[in-house]
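Everything below concerns the one structure shown next.
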Amino acid sequence: MARESLKKIRERTKEIVRILREHYPGARTSLDYQTVHQLLVATILSQQNTDKGVNAVTPALFQKYPTIAAFANADLQELMVDLRSINYGPTKARAIIESSRQILDEFGGEIPRTIDKLVRLRGVGRKTASVVLGNGYGIAEGVVVDTHVIRVSGRLGLTAHKDPVKIERDLMGTLPQTDWIDWTHMIILHGRAICTARRPDCPECPLQRVCPSAFDFPHLRR
Ligand code: SF4
Numbered sequence: 409m410a411r412e413s414l415k416k417i418r419e420r421t422k423e424i425v426r427i428l429r430e431h432y433p434g435a436r437t438s439l440d441y442q443t444v445h446q447l448l449v450a451t452i453l454s455q456q457n458t459d460k461g462v463n464a465v466t467p468a469l470f471q472k473y474p475t476i477a478a479f480a481n482a483d484l485q486e487l488m489v490d491l492r493s494i495n496y497g498p499t500k501a502r503a504i505i506e507s508s509r510q511i512l513d514e515f516g517g518e519i520p521r522t523i524d525k526l527v528r529l530r531g532v533g534r535k536t537a538s539v540v541l542g543n544g545y546g547i548a549e550g551v552v553v554d555t556h557v558i559r560v561s562g563r564l565g566l567t568a569h570k571d572p573v574k575i576e577r578d579l580m581g582t583l584p585q586t587d588w589i590d591w592t593h594m595i596i597l598h599g600r601a602i603c604t605a606r607r608p609d610c611p612e613c614p615l616q617r618v619c620p621s622a623f624d625f626p627h628l629r630r
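With positions in the sequence shown counted from 1, the corresponding number in my numbering is that position plus 408.
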């Protein structure tokens, strides 16, 4: 099959975004938070955990530790207990206390507004930094690549890579920057509802016309 030109991929991507926006209007993160710091904490907790599991813990957590200083001064053992239902809770408790101290000591109490500065915080990688920038500040400096984005972007023929860094680079090259933040939210919803890992529901998919993988799955072949 002839390789699709970048121009064609960009045109198709534009159409994919249009359809996704129609089907998932107002798509946003499913993490609950009130402040950018709470978003940072919730995003750290969400690594290797479901958003639902994180949202079950954070209301009591944010009530007990209402400020950055409260997290910075938290007792490690006690915070570990508070996070007992979270996978890797002890590691995350350390990251939350340490990153809160860094925010106070190195950033004057303000959550940084660039990926370069955010990744200096303990427990914060590029993905967490992009989530915080996009959802907390509306700044699109990168595309958040999670398991759904990896799978669905590949099926849509927007990347041939498996490595998140390379996938992000491909998406940044084809998606307009104004779509970078919403892309992740819409693809996560689509990946959960229709383009699931095991049995993508191509017959019901609004993207089937613009998807090179449509119906190309064992359970859909006759
Ligand atoms: Fe996924 Fe099928 Fe839709 Fe393509 S057509 S995005 S493979 S569900």
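Even for Gly, the Cβ is constructed at its ideal location relative to N, Cα and C.
From a predicted model like this one, the values you see are computed outputs, not experimental measurements.
Chain-order list of residues whose beta-carbon lies under 6 angstroms from that of residue i (same chain, five-residue window excluded)
i      : result
His556 : Ile595, Ile596 and Gly599
Cys619 : Leu564
Ala622 : Cys610 and Gln616
Glu412 : none
Asp459 : Ser438 and Leu439
Whole-Å CB distance - residue i paired with residue j, under 8 angstroms assumed
i      : j      : result
Leu615 : Thr421 : Actually they are not in contact, since the Cβ atoms of Leu615 and Thr421 sit about 11 angstroms apart, beyond 8 angstroms.
Gly531 : Lys500 : 7 angstroms
Val551 : Trp591 : 6 angstroms
Cys603 : Val573 : That pair is no contact at about 22 angstroms.
Short Cβ contact (8 angstroms threshold) for residue i with residue j
i      : j      : result
Arg502 : Leu484 : yes
Ile558 : Leu448 : no
Ile505 : Arg521 : no
Tyr473 : Ala482 : yes
Asn495 : Gln446 : no
Thr536 : Ile452 : yes
Val490 : Leu512 : Reading off the sequence, residue 490 comes out as Asp, not Val. Contact: no.
Nonlocal neighbours in the same chain, by C-beta distance under 8 angstroms from residue i, ignoring five residues either side
i      : result
Thr582 : Leu414, Ile417, Arg418, Thr421 and Leu566
Tyr432 : His593, Met594, Leu597 and His598
Pro467 : Asp440
Phe515 : Lys525
Glu423 : Val618
Residues near residue i in its chain [Cβ-Cβ closer than 7 angstroms; skip 5 each side]
i      : result
Glu576 : Gly550, Val551 and Val553
Arg509 : Ala480
Ser454 : Leu439 and Val462
Leu428 : Met594 and His598
beta-carbon residue i near the ligand HEM non-hydrogen atom, thresh 7 angstroms
i      : result
Leu564 : Within the structure as shown, the ligand HEM is missing, the only ligands being the ligand SF4.
Subject >> Unbroken stretches of the alpha helix (DSSP H), 4 residues or longer, contained in the region 506–563 >> reply: 523–526, 534–540 and 555–563
Original post:
Counting pairs of Cβ atoms below 8 angstroms between the region 470–477 and the region 522–534, do you hit three or more?
Top reply: no
Original post:
Is the region 528–545 touching the region 428–446, taking contact as three or more C-beta pairs under 8 angstroms?
Top reply: yes
Subject >> Entirely enclosed alpha helix (DSSP H) segments - the region 421–473, minimum 4 residues >> reply: 444–454 and 459–472
Subject >> the region 572–592 contacting the region 609–626, beta-carbon criterion three pairs below 8 angstroms >> reply: no
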